[in-house]
Amino acid sequence: MPSTSVIFCLLALATIHLSSAHNKPEDYLKAHNEARASVGVGPMSWVYKLADYSHKHAQKLKGNCNLKKPQVSKYSETIAWSNQGEITATEFVKMCMDGKPLYDYNSNTCALNGTKCAIYTQVVWRNSVRLGCAKERCNNNGTLNFVICNYDPRGNVFGQHPY
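Under my numbering, the first residue of the sequence shown carries the number 68, and numbering increases by one thereafter.
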């Protein structure tokens, strides 16, 4: 008869596997590339260096969970969060794409101070062709989950259209 600890370990591994089932690199790529295709922009490729960069930044942020301002770096970064449970790759991109109605292509401007719109334009930024993402849960309340994606080359270049 299997020991209780072996059964517990198997259950824990099954839970970990299921919780990450929709957060593999190909899930992030598929969701991003579908969004990009909807506006005629080519696909991205996954770069583990960017994923590692995103992961390291997520590790820093999970302590205080101050998620409102992305870090300044040579990459563009988007952050989305939810207190409604884990965010899948598809949900992350949908949250970013929710900014599409706020973007006016003709004037190349965003309504509402640009915050929500800027994560939309980054996802579809034509010249950003490399992607790496990470997800994490905040330490301070245990219910706030977030995803960080970094894009290379940088997008949201002032004065340029995303596509």
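Note that beta-carbon positions come from the ideal geometry of N, C-alpha and C, so glycine has one too.
- Beta bridge pairing from DSSP links residue 147 with 214.
- For the set 216, 223, 107, the Cα lying nearest the Cα of residue 184 is the one of 223.
- Counting of Cβ neighbours within 10 angstroms places residue 124 among the buried residues, the total reaching 16 or more.
- Here the alpha carbon of residue 179 sits roughly 19 Å from the alpha carbon of residue 144.
- Rounded to whole angstroms, residue 213 and residue 96 show a C-alpha spacing of 17 Å.
- Here residue 121 is near residue 215, since their CB atoms are less than 7 Å apart.
- Under DSSP, the beta-bridge partners assigned to residue 200 are 216.
- Apart from sequence neighbours up to five positions away, the residues of its chain that approach residue 160 with a beta-carbon distance below 7 Å are 98, 99, 102, 190, ordered along the chain.
- In this structure, residue 114 keeps its C-beta atom at 7 Å or more from the C-beta atom of residue 226.
- Here residue 193 is not near residue 139, since their CB atoms are 7 Å or more apart.
- The residues 130, 131, 132, in chain order, have a CB closer than 8 Å to that of residue 207 in the same chain once the five nearest residues on each side in sequence are set aside.
- Note on geometry: alpha-carbon atoms of residue 146 and residue 134 lie some 7 Å from one another.
- The C-beta distance from residue 170 to residue 163 rounds to 11 Å, too long to fall under 8 Å, and the pair is not in contact.
- When secondary structure is reduced to three states using DSSP, residue 177 falls in the strand class.
- For residue 155, the number of other beta carbons within 10 angstroms of its own is at least 16, and it is reported as buried.
- In this structure, DSSP gives residue 230 a state outside helix and strand, which the three-state scheme calls coil.
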